[in-house]
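> Residues -19 to -1, 1 to 326 (mature numbering (1 follows the signal peptide of the UniProt record, and there is no 0)) make up the sequence shown, in order. Think of the CB as a built atom: it goes at the ideal place given N, C-alpha and C, for glycine as much as any other residue.
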Amino acid sequence: MDSKLKVVVLLSLFGLTVASIADFVGKNSIGKRQEYLDSNGRYLVEWEAYTDTQTIIFDLTVATSGFVGFGISPVGGMTGADIIIGGVHPNSSVYFSNRHGIGNVVPVVDDNETWELLEASENATHTHLKVGRQLNTCDSQDVVIGNSTNNFIWAIGQDDNISYHRENRGTSANLILDPPLPPVDTSSFERWRMTHTMEMPAKKTTYWCTVQKSPPLPTKHHIVGFRPILDTPDALKYTHHFIVHKCRAPEGSTDEETFEHYLNRTGDECYGGVRDVPMDYCESYLFLWAVGGKMVLYPEHVGYPFAVDGQTNYYLLEVHFDNPNSLPGITFESGLEIFYTSELR
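#1: Between the Cα of S20 and those of T152, S234, L116, I311, spot the shortest distance and give me the residue it belongs to.
#2: Find out if the Cβ-Cβ distance for the pair I126, L110 is shorter than 7 Å.
#3: How far does the beta strand (DSSP E) with L158 in it extend, from its first residue to its last?
#4: Count the other C-beta atoms from every protein chain shown that fall within 10 angstroms of the C-beta of V112, then say buried if there are 16 or more, exposed otherwise.
#5: Run through DSSP, which three-state label would F5 get?
#6: Cα separation between S315 and D4?
#7: Between I311 and the rest of its own chain, which residues show a CB-CB distance below 8 Å, the 5 nearest in sequence each way excluded?
#8: Three-state secondary structure (DSSP) at V112?
#9: If you drop the 5 nearest sequence neighbours on each side, which residues of the same chain put their C-beta closer than 8 Å to that of T130?
#10: Who are the Cβ neighbours of K185 in its own chain at under 7 Å, not counting the five residues just before and after it?
#11: Quick check: Y296 and V225, are their CB atoms within less than 7 Å of each other?
#12: For P71, name the three-state secondary structure that DSSP assigns.
#13: Please report how far the alpha carbon of G282 lies from the alpha carbon of L325, in whole angstroms.
#14: Taking only three categories from DSSP, how would you classify G22?
#15: With H, G and I counted as helix, E and B as strand and the rest as coil, what does DSSP make of M179?
#16: Select from H107, G57, P161, Q122 the residue whose C-alpha is nearest the C-alpha of E16.
#17: Here's the rule I'm using: 16 or more other beta-carbon atoms within 10 Å means buried, otherwise exposed. How should T178 be labelled?
#18: Out of N85, R256, T176, which one is the CA nearest neighbour of I134?
#19: Residues in its own chain within less than 7 Å of D91 by CB, not counting five upstream and five downstream?
#20: Rounded to whole angstroms, what's the CA-CA distance from V6 to D120? Just pull it up for me.
#21: With distance defined between alpha-carbon atoms, name the residue in S46, I11, G58 nearest to T36.
#22: Which partner residues does N132 have in the DSSP bridge list?
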């Protein structure tokens, strides 16, 4: 018997019904997207939303023979999150439940079943769940999936006993209804990493600024794109947004005289009474990233002037750290990679 059919038969035998995929597939797809939610490639989520039916389907492929937890959270935590938990028992029976988070405890079962299980299977290494729901279920225990940033939250169970997961869990901010990015080739572009590594201050909110200097270039170039560099779970969790400011020396001084001596410093808080960063001379914006944002590439006819007349440019990188529990001792790198080219547009 086909493995998926076997699962469906067992679901019926054990009293758990499977909804029809056709109930959730519309004609107007936003496009299929996918993302690994953990840094080790153990948790893959693929999703596709439909504007005509106002529905969405999630495919979860997770490296476990235990339970799979998945949810949508407004701010990235358990409280107020819309959650499903499911898996396949060793006897091939399937379990699945709609839940909601009330804190760092086992999520509570919902009054209504607004998430539907469409498929469930397990092999020697992975568990797969396909689930569907309405974008807006009109249920107070659910989270509306709209155009604003939401957070995927996830958990990987070591076995099928559902319990609060202190390890093997995480969160990932996402603009869920954004269309997928077309495939792009960045191999022809030059790259500049504008990042800063530091221990995040043990306070709830910090805006930290560092002065950055562009690479030496003999002629004018064009900036054509940006990619956020948040390559660790801590960087993703605690970096709320960052802004790249363009700096310009005051009249009567050169950029080098004004900004060069800041380069070997660790930076300082951007706002406040006494600060060791030149905020007053770095007011214009070059780029802004916020949670859920992805790589940005300009259209082929658009470029931002860079190193005009071979001049070195100075920038201010402002990073907002969001540390609601004021945790100490957390160090990570945050910033961006800038794509640029000598082929002017």
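Inspection of the coordinates gives the following:
#1: T152
#2: It is not a contact, given that the beta carbons lie outside the stated cut-off.
#3: Where L158 is concerned, there is no enclosing beta strand (DSSP E), given that its DSSP letter is neither H nor E.
#4: buried
#5: coil
#6: 42 Å
#7: E180, M181, D215, Y219, N304
#8: strand
#9: A154, N155, L156, A271, V272, G273
#10: N304, P305, S307
#11: yes
#12: coil
#13: The identity of residue 282 in the sequence shown is His, whereas the question assumes Gly. Using only the alpha carbons, I get a separation of about 9 Å.
#14: Correct three-state label for G22: coil.
#15: The DSSP-derived three-state label of M179 is strand.
#16: P161
#17: Exposed, since its Cβ has fewer than 16 Cβ neighbours within 10 Å.
#18: N85
#19: N79, R80, H81, Q122
#20: 21 Å
#21: I11
#22: S54, A154
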